[in-house]
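The next block holds one structure in the form of structure tokens; read it before the comments.
Numbering (the working numbering), first residue to last: 636 to 1052.
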């Protein structure tokens, strides 16, 4: 492809398009960024222990700085643009989680509200600019509308995805299939004459729950149908692929400038498809390989019928499960360890240990909640009560012990091992 004529045109343009061409690598980065954004926010809030409010404040501040940098650029700058997308993914997820977890707003309500807000953004944008095409993001006002729409699509995609996989009990495996088929149908519609602008924005919303479901498939325990890679390892794999693709985009942009409408992907379509396909294959191979390696390394500590392979003296549990939640032994074991510290009036030690319960429960949410949302919510509330009592400014042994006793009883009742 001859870039010289296009580059000559660009040098005469004061404000060039600020967003990338819609290519195969664009969609790969977009899907992967949703998982990285979601898991990184959870890591800061739970694993690092910053809590949701501090994490929200940090991420919103970082997003504001990134957007300021993005708005100061005069043309599409890959590293700045995709940094904003990842951060918008984090903040969009946090907005939905705030409504759902903190305010207790139903996912049906939040999905409806965000859909209405997105419609208002699009209507206002169109009335002001007479276009919603992302190929026309070449003025500050259009870019402001664009990022407002992007943030709302992430919030809507999070709410709609959680509604499908959790509230409706479809699960992440079914979610991957459903959202993948919907995106395929959207692409086919565009090929058969549907509006390219409409199909782009529909696909943009759908890639958010697809990315989240794909991430859950890789991170969740095999007991729940996942590959058991864990959130940290999955995020590292996804981030590495994103970094490679964005570096390539940046090198191409530095060399050739910004692709104008009709130019096609920088580097050519064949190369674009090849890089996108290689990224997908790399993730699939890494997921399958690391999952098998993880299974082999953990085989010595697996339990069968309630008896630990490394501790044959562990008694067999005879239970009559009342839920579909499945094996809750891991959570009961951590709760027992916390209980032992509280019984010795070591509340500081209990506070430290209970973080293991919080992390394990949070990591397992995507696999557990769809199985029995009502019973999961009951356990979630009891775990929150334990966390609150141990983390109180002046914790008391009686309150902590009472909440742990209630949680232990419920775990034993619901355990389906």
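C-beta atoms are modelled at their ideal positions from N, C-alpha and C, and glycine is treated no differently.
Practice task
Return helix, strand or coil for residue 733, following the three-state DSSP convention.
Solution key: Looking up residue 733 in the chain shown gives position 98. DSSP places residue 733 in helix when its eight states are reduced to three.
Handout entry: Straight-line gap, residue 1032 to residue 981 (C-alpha atoms, nearest Å)
Key = In the chain shown, counting from the first residue as 1, residue 1032 sits at position 397. In the chain shown, counting from the first residue as 1, residue 981 sits at position 346. If you take the alpha carbons of residue 1032 and residue 981, they lie about 9 angstroms apart.
Exercise for the section: With DSSP collapsed to three states, give me the class of residue 708. Expected result: On the chain shown, position 73 is the one that residue 708 refers to. Residue 708 falls in the coil class under three-state DSSP.
Handout entry: Status (buried if at least 16 other CB within 10 Å, exposed otherwise) for residue 797
Key = Counting from 1 along the chain shown, the entry for residue 797 is found at position 162. With 16 or more Cβ atoms within 10 Å of its Cβ, residue 797 is classed as buried.
Practice task
State the DSSP-derived secondary structure class of residue 1050, mapped to helix, strand or coil.
Solution key: On the chain shown, position 415 is the one that residue 1050 refers to. Three-state DSSP puts residue 1050 in coil, outside helix and strand.
Practice task
Compute the distance between the beta-carbons of residue 856 and residue 686, then report whether it is under 8 angstroms.
Solution key: The residue you call residue 856 lines up with position 221 of the chain shown. The residue you call residue 686 lines up with position 51 of the chain shown. In this structure, residue 856 lies away from residue 686, with their beta-carbon atoms at least 8 angstroms apart.
Exercise for the section: Pull up the distance between the alpha-carbon of residue 657 and that of residue 1021, whole angstroms please. Expected result: For this step, residue 657 is matched to residue 22 along the chain shown. For this step, residue 1021 is matched to residue 386 along the chain shown. If you take the alpha carbons of residue 657 and residue 1021, they lie about 48 angstroms apart.
Practice task
With a 10 Å radius around its C-beta and 16 neighbouring C-beta atoms as the bar for buried, classify residue 775 as buried or exposed.
Solution key: Start at 1 with the first residue of the chain shown, and residue 775 comes out as number 140. Residue 775 is exposed by the Cβ-count criterion.
Handout entry: Spatial distance of residue 816 from residue 822 (CA atoms)
Key = Position 181 of the chain shown holds residue 816. Position 187 of the chain shown holds residue 822. About 10 angstroms.
Exercise for the section: Quick one: residues in its chain with C-beta nearer than 8 angstroms to the C-beta of residue 701, no 5 flanking neighbours on either side, listed in chain order? Expected result: As a working mapping, residue 701 is identified with position 66 in the chain shown. The residues are 715, 718, 719 and 722.
Practice task
Label residue 944 either buried or exposed according to how many other C-beta atoms from any shown protein chain fall within 10 Å of its C-beta, with 16 as the threshold for buried.
Solution key: Within the chain shown, the letter at position 309 stands for residue 944. Residue confidence for residue 944 is low, a pLDDT of 37 falling below 50, so the modelled location carries little weight; the figure read from the coordinates is stated next. Exposed, because fewer than 16 other Cβ atoms sit within 10 Å of the Cβ of residue 944.
Handout entry: Length of the line joining the Cα atoms of residue 1040 and residue 1010
Key = Stepping through the chain shown from its first residue, residue 1040 is reached at position 405. Stepping through the chain shown from its first residue, residue 1010 is reached at position 375. Going by the C-alpha atoms only, they are around 17 angstroms apart.
Exercise for the section: Please check the pair residue 745 and residue 735, which I expect to be a contact at CB under 8 angstroms, by giving their CB distance rounded to whole angstroms. Expected result: Sequence index remark: in the chain shown, residue 745 carries index 110 (1-based). Sequence index remark: in the chain shown, residue 735 carries index 100 (1-based). Right, their Cβ atoms sit about 6 angstroms apart.
Handout entry: residue 902 in three-state terms, based on DSSP
Key = Position 267 of the chain shown, counting from 1, holds the residue named residue 902. In this structure, residue 902 counts as coil in the three-state DSSP scheme.
Practice task
Flag this pair as yes or no: are the beta carbons of residue 1025 and residue 985 separated by less than 8 angstroms?
Solution key: For the purposes of this step, residue 1025 is identified with residue 390 of the chain shown, where counting begins at 1. For the purposes of this step, residue 985 is identified with residue 350 of the chain shown, where counting begins at 1. Result yes, Cβ atoms of residue 1025 and residue 985 sit closer than 8 angstroms.
Problem - Cβ contact (3+ pairs, closer than 8 angstroms) linking the segment 835-848 and the segment 785-802 - result: Result yes; three or more Cβ-Cβ pairs closer than 8 angstroms.
Handout entry: Closest Cα partner of residue 1034 within the set 1017, 1049, 1047 and 1046
Key = Start at 1 with the first residue of the chain shown, and residue 1034 comes out as number 399. Taking only the C-alpha atoms, the option nearest residue 1034 is 1017.
Exercise for the section: Find the nearest neighbour of residue 838 within the set 876, 1050, 659 and 1036, judged by alpha-carbon distance. Expected result: For the purposes of this step, residue 838 is identified with residue 203 of the chain shown, where counting begins at 1. When each option's Cα is compared against that of residue 838, the closest is 659.
Exercise for the section: Could you tell me whether the Cβ atoms of residue 810 and residue 670 are closer together than 8 angstroms? Expected result: Taking the chain shown and counting its residues from 1, the one referred to as residue 810 is at position 175. Taking the chain shown and counting its residues from 1, the one referred to as residue 670 is at position 35. Not in contact: residue 810 and residue 670 (Cβ atoms no closer than 8 angstroms).
Practice task
Out of 667, 655, 654 and 652, state which residue places its alpha-carbon closest to the alpha-carbon of residue 877.
Solution key: For this step, residue 877 is matched to residue 242 along the chain shown. Ranking 667, 655, 654 and 652 by Cα distance to residue 877 puts 667 first.
Problem - the segment 671-691 / the segment 990-997 touching (three or more Cβ pairs under 8 angstroms) - result: yes
Practice task
Spatial neighbours of residue 784 within its chain, please: CB distance less than 6 angstroms, with the 5 preceding and 5 following residues excluded, ordered by chain position.
Solution key: The residue given as residue 784 occupies position 149 in the chain shown. Same-chain partners within the cutoff: 756.
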